[in-house]
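Numbering (the working numbering), first residue to last: 262 to 1263. Virtual Cβ for every residue (Gly too), placed ideally from N, Cα, C. Computed from a predicted structure; not experimentally measured. This report concerns only the one structure given below.
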């Protein structure tokens, strides 16, 4: 029975009911007031693009993926399309104002493939810039002045980008950043202005797929639809009666996924039981279905082919069976009838998929492997049928080759089955990551007073932000969150790659999928669904596996001309042998028994067609990239794409940021010297007050030192210290600050009680006309030569003191630098720190090339200066100030403990924050592309050698020939061997530094 579709209309703006026909992914969701507003204030096109992923079924080789890409790029409004053959996915970026989801699906289907829209990442469902469009009913407006008043109030709210109010419909539509302001805050602001307000709906939408247990008939299905129709916040739903799967699109601003499930189960009084379907698990099950289908086709073809082979090989040696086969039954012998019947079922029943795929390719003006298989098997089948009919008419019986067609299809299906199994193993890394998340979680139920009154086991996919969850020893943390009760050790190795357990106390951050080892914990969920670290890692790996390495363009080009070239070579082979035979170019003894020149030439031509394999070329790169990205993720190195992987193997220079990259990023004040009569405590209070509003690591080090000096204690953890820093200015010991400003690369300036304070480096003071006394300069030089940073403090243009701050080097820094030099990679250090400190640090780690006193924008210029000489440059950094250089570098590597902006700008993310991973990243890339080159050499060598052998080039000298069925077996195995070659990368072992440094351990 066909799935039922129902749309739930929530808006009260008088929208036409035809909107109910919009697709289930919500492309037709309309916000009319802001649409009209945008007619005047159009955003740039690039800001309104949308991205979707489509599952494409029916692709068999690189030519198919190229065909789908061409079809998508031919659609007006599609900006970018990337098709991944292995994942059977298409990634499409388009302008939703020009093209709809359905048109993209139709374009793929018109190209002859099946297409299904996949659930989008949550991040891509929101409006541009991460904003949400909310619709509110506003009561109490009587005239245009009321409208202007409400609009003015809304536009002045923090986080509100646009606001439009319509008097006639009493509706207001507000575009706002939900991370800054909530829908309740907006409603309260309207009510505070003297109007009535209630939230209606938002442009946000989410999709959930549920398995429904308890549907026994049509009445139950209608009952379920009735429940859904009454739930506020449900936009659309589709129930498939065959699979008992319910797909619901809802507004997460109105109703959460757990509330949705509870509403359905409660509305049915427990009759229906709902199970949340994990999208990754669903995709895996479909991959298993594909391999199972291939296995069924192979076994069916084999069971029908074996009798055909036995009739040819074994039966002539068994008199009784042979007499039955040669029994004349009408115009043909019984054996001929049986062969014809069995092979017809194989050719047009089991082998129907090859005709469908070949026809699809030819309709789109392209060719693929299916064209070769269909051509070769059809030639063999048609010749055999014609030979039978000719014999019945003329009495001259030529040999038939039905078994050639049967065995060809059988071996190709075997190859396809083995290929699907092997390709499934290439995505093993994602499957492992998905399995890290527990299926269920224990929710602590609280009363209105916040007291825990019970526990409830819920599906982990239904956890909502703010939920308090209980994590027992030995169980997995269900989502990202913060510890609110208890202490324990947590093993985060499966996510970060760090083997040592991490202590977790109150306010500690925990990552979903990690294992709680000892004590019980209560955590508050902060990030759920696609926002968790684990989900983002999975998304990153998926995106990387979808991308194409530049080297793959070579394979795509070869695939586009491969089949026509092979068909031409096959025709030349046929006519070459046939003409040579007719002209007496070779003896008749070479012909098969009862054969002729036509049959002899045809067998060579069919062998050429079926032995050629474009699939091996097409699989050479994507399988290796897919395995490598998975291996990298398992080793704590996240790779964002095949192009980054390809560039990394050519790296000749690695530029390191100093603070937080080569150093631990845990700066400590080691020395304080005052150059006037000011009390030490008063001096530290003055400097701490000035630095309290700064986010710089050195500023935090000064603030922490001053706090410890005054109160003789230290915050127990980073989160507590950060919370303290926010409230420190109200604690009574810090001074009030005015006119505060940060001067990047120099320091800060502010006013305290009318006195002008400067805290920073020499450049800050000299630019402000302040003379640095010689005794101060000597003190700072001494600090810098001992690899410490000197911070100068001036009050009213007079230097009053200095602080020395040390940031210890990471223990592995020097060894990694030496290892890179041994690998032929030149390390460079770039920092905003002064030259003496920079040189001292560089000397300690063994770096010869140093660039100091470099502003953030200047780091990108340093990168470009090396690129001008033709070098491939990698940048390793962790801070916001590193992001321009990370983006400018050929390969940006962000330390995992760094900022989100740095991670966004980089192509590699080093999850462990360990510099050894820089060596792993380069080594893995080199080994991956060595494997890709090997795959190409094998694929090319196979075709270069196999095609001449199949064409009979060596037959006159060595009597070496390949029957078509043997040629088909070779073709099937060639693609499998390439995939298995890529799978060998799963055995990758990260390099040992002792091996790289040639250190012998006795």
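Looking at the structure shown, is residue 598 part of a helix, part of a strand, or coil, going by DSSP? Numbered from 1 along the chain shown, position 337 holds the residue referred to as residue 598. In this structure, residue 598 counts as helix in the three-state DSSP scheme.
Within the continuous beta strand (DSSP E) that includes residue 1017, where are the two ends? Numbered from 1 along the chain shown, position 756 holds the residue referred to as residue 1017. Counting along the chain, the beta strand (DSSP E) containing residue 1017 begins and ends at 1016–1021.
Return helix, strand or coil for residue 826, following the three-state DSSP convention. Position 565 of the chain shown, counted from the first residue, corresponds to residue 826. Helix, per DSSP.
Exposure of residue 1153, with buried meaning 16 or more beta-carbon neighbours within 10 Å: Here residue 1153 corresponds to residue number 892 of the chain shown, with the count starting at 1. Residue burial is scored here from C-beta neighbours: residue 1153 has at least 16 other C-beta atoms within 10 angstroms and is therefore classed as buried.
Who are residue 434's beta bridge partners in DSSP? Here residue 434 refers to the residue found at position 173 when the chain shown is read from its first residue. Answer is 396, 425, bridged to residue 434.
How is residue 568 classed by DSSP in three states: helix, strand or coil? Your numbering for residue 568 matches position 307 in the chain shown. Three-state result, residue 568: helix.
Does residue 349 pass the burial test, meaning 16 or more other C-beta atoms within 10 Å, or should it be called exposed? As a working mapping, residue 349 is identified with position 88 in the chain shown. Residue burial annotation: residue 349 is buried, with at least 16 other C-beta atoms found within 10 angstroms of its C-beta.
For a minimum of 4 consecutive residues, which ranges assigned as the alpha helix (DSSP H) are wholly contained in the segment 306–379? Counting whole runs of 4 or more residues, the segment 306–379 contains the alpha helix (DSSP H) stretches 323–334, 362–371.
6 Å CB neighbourhood of residue 270 in its chain, flanking five on each side removed: Within the chain shown, the letter at position 9 stands for residue 270. Note that residue 270 has pLDDT 34, beneath the 50 cutoff, so the model's placement of it is unreliable and the number below is only indicative. Excluding residues up to 5 positions away in sequence, nothing lies with its Cβ nearer than 6 Å to the Cβ of residue 270 in the same chain.
Taking C-alpha atoms, which residue in 739, 832, 834, 780 lies nearest to residue 794? Here residue 794 corresponds to residue number 533 of the chain shown, with the count starting at 1. Residue 794 has its Cα closest to that of 739, out of 739, 832, 834, 780.
Quick check on residue 789: does DSSP put it in helix, strand or coil? For the purposes of this step, residue 789 is taken as the residue at position 528 of the chain shown. Coil, per DSSP.
Please name the residue or residues paired with residue 746 in a DSSP beta bridge. Taking the chain shown and counting its residues from 1, the one referred to as residue 746 is at position 485. Under DSSP, residue 746 shares a beta bridge with 783.
Is it right to say residue 941 is buried, meaning 16 or more other beta carbons lie within 10 angstroms of its own, or is it exposed? One-based indexing of the chain shown puts residue 941 at position 680. By the 10 Å Cβ count, residue 941 comes out exposed.
Would you kindly check if the distance between the Cβ of residue 930 and the Cβ of residue 1064 is under 8 Å? Walking along the chain shown from the start, residue 1064 turns up at place 803. Walking along the chain shown from the start, residue 930 turns up at place 669. For the 8 Å CB-CB criterion, residue 1064 and residue 930 form a contact.
Own chain, CB closer than 7 Å to residue 981, minus 5 neighbours either side, in chain order: The sequence position of residue 981 within the chain shown is 720, counting from 1. With a pLDDT of 43 at residue 981, under the threshold of 50, the modelled position of this residue cannot be trusted, and the question is left open.
So what's residue 997 in DSSP terms, helix, strand or just coil? For this step, residue 997 is matched to residue 736 along the chain shown. Shown here, residue 997 sits in coil according to DSSP, grouped into three states, outside any helix or strand.
Three-state secondary structure (DSSP) of residue 626: As a first step, residue 626 must be located in the chain shown, where it is residue number 365. Look at residue 626 here: in three-state DSSP terms it is coil, with no helix or strand label.
Helix, strand or coil: which one does DSSP assign to residue 716? Numbered from 1 along the chain shown, position 455 holds the residue referred to as residue 716. Looking at residue 716 - three-state DSSP - the assignment turns out to be strand.
Give a yes or no on contact between the segment 1123–1139 and the segment 907–917, applying the rule of three or more CB pairs nearer than 8 Å. The segment 1123–1139 vs the segment 907–917: in contact.
Just to confirm before moving on: does the CB-CB distance between residue 959 and residue 1066 stay below 8 Å? Here the question's residue 959 lines up with position 698 in the chain shown. Here the question's residue 1066 lines up with position 805 in the chain shown. The answer is yes: Cβ separation under 8 Å.
Starting from residue 1068, follow its DSSP beta bridges and name the residues at the other end. By one-based count along the chain shown, residue 1068 stands at place 807. Answer by DSSP bridge pairing: none, since residue 1068 is not bridged.
Other residues of its chain near residue 555: CB distance less than 7 Å, five sequence neighbours each side excluded: Within the chain shown, residue 555 is the residue found at index 294, counting from 1. 674, 677, 678, 681.
Determine the direct distance from the alpha carbon of residue 1080 to that of residue 1167, and round the result to whole angstroms. Indexing the chain shown from 1 puts residue 1167 at position 906. Indexing the chain shown from 1 puts residue 1080 at position 819. Taking the straight line from one Cα to the other gives about 22 Å.
Would you decide whether residue 883 is buried or exposed? Buried here means 16 or more other CB atoms lie within 10 Å of its CB. The residue given as residue 883 occupies position 622 in the chain shown. Looking at its Cβ environment, which holds 16 or more other Cβ atoms inside 10 Å, residue 883 is buried.
Taking 8 Å as the threshold (C-beta atoms), are residue 373 and residue 621 in contact? In the chain shown, residue 621 corresponds to position 360, counting from 1. In the chain shown, residue 373 corresponds to position 112, counting from 1. A contact, by the Cβ cut-off of 8 Å.
What's the gap between the Cα of residue 926 and the Cα of residue 1068? Here residue 926 is taken as the residue at index 665 of the chain shown, counted from 1. Here residue 1068 is taken as the residue at index 807 of the chain shown, counted from 1. Spanning the two alpha carbons is a distance of roughly 6 Å.
Assign residue 834 to buried or exposed, taking buried as 16 or more other Cβ atoms, counted over all protein chains shown, within 10 Å of its Cβ. Walking along the chain shown from the start, residue 834 turns up at place 573. Only buried fits residue 834, as 16 or more other CB atoms lie within 10 angstroms of its CB.
Would you call the segment 469–481 and the segment 497–506 in contact, with 3 or more CB pairs under 8 Å? Judged by Cβ distances under 8 Å, the segment 469–481 makes contact with the segment 497–506, as three or more pairs qualify.
Could you work out which residue in 705, 1149, 1105, 910 is closest to residue 1123 when comparing CA atoms only? Locating residue 1123 in the chain shown gives position 862, counting from the first residue. Comparing Cα-Cα distances from residue 1123 to each of 705, 1149, 1105, 910, the minimum goes to 1149.
Under the three-state DSSP convention, the category residue 835 falls into: Within the chain shown, numbered from 1, the residue matching residue 835 stands at position 574. In this structure, residue 835 counts as helix in the three-state DSSP scheme.
Say whether the segment 1070–1087 touches the segment 1170–1182, bearing in mind that this needs 3 or more beta-carbon pairs closer than 8 Å, one atom from each stretch. The segment 1070–1087, when compared against the segment 1170–1182, does touch it at the 8 Å Cβ threshold.
On the three-state DSSP scale, how would you describe residue 1073? Position 812 of the chain shown, counting from 1, holds the residue named residue 1073. It is coil, neither helix nor strand.
Near residue 1073, what residues of its chain come up, given a Cβ to Cβ distance below 7 Å and the 5 sequence neighbours on each side ignored? The count along the chain shown starts at 1 and reaches residue 1073 at position 812. If the five residues before and after residue 1073 are omitted, its C-beta is found closer than 7 Å to the C-beta atoms of 1175, 1176, 1177, all from its own chain and listed in chain order.
Measuring CA to CA, which of 363, 368, 824 is closest to residue 332? Sequence index remark: in the chain shown, residue 332 carries index 71 (1-based). With respect to the C-alpha of residue 332, the residue from 363, 368, 824 having the closest C-alpha is 368.
Please name the residue in 729, 735, 766 whose C-alpha comes closest to that of residue 747. The residue labelled residue 747 in the question sits at position 486 within the chain shown. Nearest neighbour of residue 747 by Cα position, chosen from 729, 735, 766, turns out to be 766.
Distance between residue 1004 and residue 1145 (C-alpha atoms, nearest Å): Within the chain shown, the letter at position 884 stands for residue 1145. Within the chain shown, the letter at position 743 stands for residue 1004. The alpha-carbon atoms of residue 1145 and residue 1004 are separated by roughly 18 Å.
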